[in-house]
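Peer 1: First residue of the sequence shown? That's 1 in this note's numbering, and the numbers climb one at a time after it.
Every residue, glycine too, gets a C-beta built ideally from N, C-alpha and C.
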Amino acid sequence: MLDVLFDPNNYPFWILIIATLAGAIAIISRPFSTYVKFVYPNAKFEAIGNPFVTEKELSRVVDNKNLNDFKEALNGSKDYNVSGDNIYEIQHSLDDNFIQTIEMMRKDSSKKMNEFYDTYIEKLDVYLIKNAIKNKLDDKEIDEKITDQAILPSTKTLILNIADSEKENLPEILKNHGFGKEILEIFSEENIDYMKLDTAFDKHIMEKISQVKVPYKCDKAKQRFVNNFIDIANIKNTLRAKQLGYDAESIEKLFIGEGQEVASWKLKEISEADSVPQAISSLEGTSYYDALKNAIEDYNKEKSVQVLENALDRHFLKLVKNISLQNYSTIGPTLRFIVSKEFEVKNLKIITKGIGEGLSSDFIKHLFVLEAGA
Numbered sequence: 001m002l003d004v005l006f007d008p009n010n011y012p013f014w015i016l017i018i019a020t021l022a023g024a025i026a027i028i029s030r031p032f033s034t035y036v037k038f039v040y041p042n043a044k045f046e047a048i049g050n051p052f053v054t055e056k057e058l059s060r061v062v063d064n065k066n067l068n069d070f071k072e073a074l075n076g077s078k079d080y081n082v083s084g085d086n087i088y089e090i091q092h093s094l095d096d097n098f099i100q101t102i103e104m105m106r107k108d109s110s111k112k113m114n115e116f117y118d119t120y121i122e123k124l125d126v127y128l129i130k131n132a133i134k135n136k137l138d139d140k141e142i143d144e145k146i147t148d149q150a151i152l153p154s155t156k157t158l159i160l161n162i163a164d165s166e167k168e169n170l171p172e173i174l175k176n177h178g179f180g181k182e183i184l185e186i187f188s189e190e191n192i193d194y195m196k197l198d199t200a201f202d203k204h205i206m207e208k209i210s211q212v213k214v215p216y217k218c219d220k221a222k223q224r225f226v227n228n229f230i231d232i233a234n235i236k237n238t239l240r241a242k243q244l245g246y247d248a249e250s251i252e253k254l255f256i257g258e259g260q261e262v263a264s265w266k267l268k269e270i271s272e273a274d275s276v277p278q279a280i281s282s283l284e285g286t287s288y289y290d291a292l293k294n295a296i297e298d299y300n301k302e303k304s305v306q307v308l309e310n311a312l313d314r315h316f317l318k319l320v321k322n323i324s325l326q327n328y329s330t331i332g333p334t335l336r337f338i339v340s341k342e343f344e345v346k347n348l349k350i351i352t353k354g355i356g357e358g359l360s361s362d363f364i365k366h367l368f369v370l371e372a373g374a
């Protein structure tokens, strides 16, 4: 039998050779086919760039004296087409521009990225769901603006259902919309902790992004992005809780999982710190410590964790930039572009509110999240 198989004068030999070559070509070509799928979108995203996470471009638009001048200056760039006459309308238009950007990215990307874009949009909608639930729990009217801001039709439906329901029906409504046990159990508590509620929703969406299928050779970069986000969320939750006087046991309930650099034992150590500065000191040995230590002085002056959160956001942009550089031929530039665009919109919404309320440009600049070295 083997003599026939390895005899060049027989068909089985050539069938074996062809099958071997086909297998080798398939193995070699699979990663190459992934690279090809990202050539055009990555080149386009790099060409567009993210100017409004840089100090130079933000300074150009922040010094406008009124919202109309700001809007005209912003629309002078090729990437924005903003409308509206007041703070709310312009901010809403900026959100619309971001969604249009995501849809442009989807159109130019491989169809295998569709699920990632869908879930990323869902991440943007989560805060609206949180707000609607909190309003309902506080017996407040749910502003129709919350529904108008929802991007996904399913989110609009959910918010309308929340608005039309009684508080005791919230778990059933959320269950019907695909939310899991960890979120539902919070509603069985006598006094619902809103930070814990926020944490549960953040954990839910991070788990969804973690499970999203992406093209071959892209999952490692996507998972690193998720893990960095988890680290940042855990640290933010800890610092906020420390500021509010939470004990270690309560803080541990706010963690959304183990991330990239901060292991479970380190999270426990941070939760047991006596103060915000001590919690930051507990992060020594991680890149987050380096990002936060320079902001401690400002925190001590202002006594606001927002200063620290901004420092973490700047560091997150740096981490995503590193992921992009290390995965330049696949999903890296996509992750960097979409995250930086999200922070661009946040910066521009800060300017909108600042100009609309007559705040000084120096005060507004203090709130920006800029890319490191930008």
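Output the distance between the C-alpha atoms of Gln326 and Gly332, rounded to the nearest integer angstrom.
Peer 2: Distance between the alpha carbons of Gln326 and Gly332 is about 7 Å.
Peer 1: Over what stretch of residues does the alpha helix (DSSP H) that includes Asn86 continue unbroken?
Peer 2: First-last for Asn86: undefined, no H or E at that position.
Peer 1: Kindly indicate which residue of Asn86, Asn81, Thr54 and Tyr80 has the alpha-carbon position closest to the one of Asn68.
Peer 2: Asn86
Peer 1: Rounded to whole angstroms, what's the CA-CA distance from Thr147 to Thr199? Just pull it up for me.
Peer 2: 22 Å
Peer 1: Following the continuous alpha helix (DSSP H) through Asn228, name the residue where it begins and the one where it ends.
Peer 2: From DSSP, the alpha helix (DSSP H) with Asn228 extends over Asp219 to Leu244.
Peer 1: Does DSSP classify Glu309 as helix, strand or coil?
Peer 2: helix
Peer 1: Within 10 angstroms of the Cβ of Pro215, are there 16 or more other Cβ atoms? Answer buried if so, exposed if not.
Peer 2: buried
Peer 1: Go to Asp118, then tell me how far its alpha helix (DSSP H) extends in each direction, as first and last residue.
Peer 2: Segment Asn114 to Leu137, the alpha helix (DSSP H) holding Asp118.
Peer 1: Buried or exposed, going by whether 16 or more other CB atoms sit within 10 Å of the CB of Asn347?
Peer 2: buried
Peer 1: For Asp202 versus Ile256, is the C-beta distance shorter than 7 Å?
Peer 2: With respect to Ile256, Asp202 sits close: the two C-beta atoms are nearer than 7 Å.
Peer 1: Determine, using beta carbons only, whether Glu371 and Val62 come nearer to each other than 7 Å.
Peer 2: For Glu371 and Val62, no; Cβs fall outside 7 Å.
Peer 1: Report the three-state DSSP secondary structure of Asn294 (helix, strand or coil).
Peer 2: coil
Peer 1: Does the beta-carbon of Phe32 have 16 or more other beta-carbons within 10 angstroms, so that it is buried, or is it exposed?
Peer 2: Here Phe32 scores only 44 on pLDDT, less than 50, and its place in the model should not be relied on; the value that follows carries that caveat. The residue is exposed, with fewer than 16 neighbouring Cβ atoms inside 10 Å.
Peer 1: Just how far apart, CA to CA, sit Lys378 and Glu189?
Peer 2: Any answer about residue 378 is impossible in this case: the structure gives the chain only from 1 up to 374.
Peer 1: How many whole angstroms separate the CB atoms of Leu283 and Ile270, which I take to be in contact at a CB cut-off of 8 Å?
Peer 2: Going by Cβ atoms, the distance from Leu283 to Ile270 rounds to 7 Å, so yes, they are a contact pair.
Peer 1: Extract the residue ranges of the alpha helix (DSSP H) inside the region 55-95, only unbroken runs of 4 or more that lie entirely within it.
Peer 2: 55-62 and 67-75
Peer 1: Looking only at its chain, what residues have a beta carbon closer than 8 Å to the beta carbon of Val369, apart from the 5 residues adjacent to it on each side?
Peer 2: Val53, Asn310, Asp313, Arg314, Leu317, Phe343, Lys346 and Asn347
Peer 1: If you follow the alpha helix (DSSP H) that Ser154 is in, where does it begin and where does it stop?
Peer 2: Pro153 to Asp164
Peer 1: Looking only at its own chain, which residues have a Cβ that is under 8 Å from the Cβ of Gly180, when we skip the five neighbours before and after it?
Peer 2: His204
Peer 1: When you compare the CB positions of Ile162 and Lys136, do they come within less than 7 Å of one another, or not?
Peer 2: yes
Peer 1: Using three-state DSSP, classify Asn97 as helix, strand or coil.
Peer 2: helix
Peer 1: Quick one: using the 10 Å Cβ neighbour count with 16 as the cut-off for buried, is Tyr194 buried or exposed?
Peer 2: It is exposed - the Cβ of Tyr194 has fewer than 16 other Cβ atoms within 10 Å.
Peer 1: Please report the distance separating the alpha-carbon of Tyr88 from that of Asp274.
Peer 2: 40 Å
Peer 1: Pick out the complete alpha helix (DSSP H) segments inside the region 303-374, 4 residues or longer, and give them in chain order.
Peer 2: Whole alpha helix (DSSP H) segments, 4+ residues: 305-326, 332-356 and 361-365.
Peer 1: CB-CB under 8 Å to Ile186, same chain, minus the five flanking residues each way: which ones, in chain order?
Peer 2: Ile192, Asp193, Lys196, Leu197 and Ala200
Peer 1: With DSSP run on the structure shown, which of helix, strand or coil describes Gln211?
Peer 2: helix
Peer 1: Measure the C-alpha to C-alpha separation of Asp219 and Gly358 and round it to an integer number of angstroms.
Peer 2: 45 Å
Peer 1: Given that a residue counts as buried once 16 or more other Cβ atoms are within 10 Å of its Cβ, and exposed if not, what is Leu58?
Peer 2: buried
Peer 1: Roughly how many whole angstroms lie between the Cα atoms of Asp95 and Phe45?
Peer 2: Going by the C-alpha atoms only, they are around 19 Å apart.
Peer 1: Let's see if you can read the secondary structure: which residues bound the alpha helix (DSSP H) around Gln149?
Peer 2: Glu144 to Gln149
Peer 1: Using 7 Å as the threshold, is the C-beta distance between Asp125 and Ile151 below it?
Peer 2: yes
Peer 1: Just verifying my parser: in three-state terms, what is the DSSP assignment at Asn169?
Peer 2: helix
Peer 1: Looking only at its chain, what residues have a beta carbon closer than 6 Å to the beta carbon of Lys353, apart from the 5 residues adjacent to it on each side?
Peer 2: Ile87
Peer 1: Let's test the definition: count the other Cβ atoms within 10 Å of the Cβ of Pro41 and tell me whether it reaches 16, buried, or not, exposed.
Peer 2: buried
Peer 1: What three-state label does DSSP hand Lys140 in the structure shown?
Peer 2: coil
Peer 1: My understanding is that Lys71 touches Ile99, with C-beta atoms under 8 Å, so please give their C-beta distance in whole angstroms.
Peer 2: Actually they do not touch by this definition, with Cβ atoms about 18 Å apart.
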